[in-house]
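All remarks here apply to the structure that follows.
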Amino acid sequence: MTEKDLGKILKEMHDKAEEGFESTNILLFGIEFAQIILKQNYKSTNIVRASGLHPSYSIELRKGVKLSKFVRPI
745 MTEKDLGKIL KEMHDKAEEG FESTNILLFG IEFAQIILKQ NYKSTNIVRA
795 SGLHPSYSIE LRKGVKLSKF VRPI
């Protein structure tokens, strides 16, 4: 899976989020896809750029990846 593929999924998760929960879905994306992101040494800024979302979401994505060490998606 490429950064572009992840960007597409990130955009879909953002767009499907309930109003006010967009950032939460970015965190969940980071948790869910952390293994791929870390294994491939992908940069959150590149994934967010590929998604077309505002660059500030890269911070939320990084937080989600870090949280993945402590939580698991259900």
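Note that the numbering used here has the sequence shown beginning at 745, numbered continuously upward.
For glycine and all other residues, C-beta sits at the position ideal for the given N, C-alpha and C.
Residue i versus residue j - alpha carbon distance
i, j, result
"residue 745", "residue 814", "24 Å"
"residue 760", "residue 787", "23 Å"
"residue 805", "residue 762", "18 Å"
"residue 769", "residue 818", "13 Å"
Within 7 Å, strictly: CB atoms of residue i and residue j
i, j, result
"residue 748", "residue 794", "yes"
"residue 750", "residue 791", "yes"
"residue 807", "residue 782", "no"
"residue 754", "residue 773", "yes"
"residue 775", "residue 800", "no"
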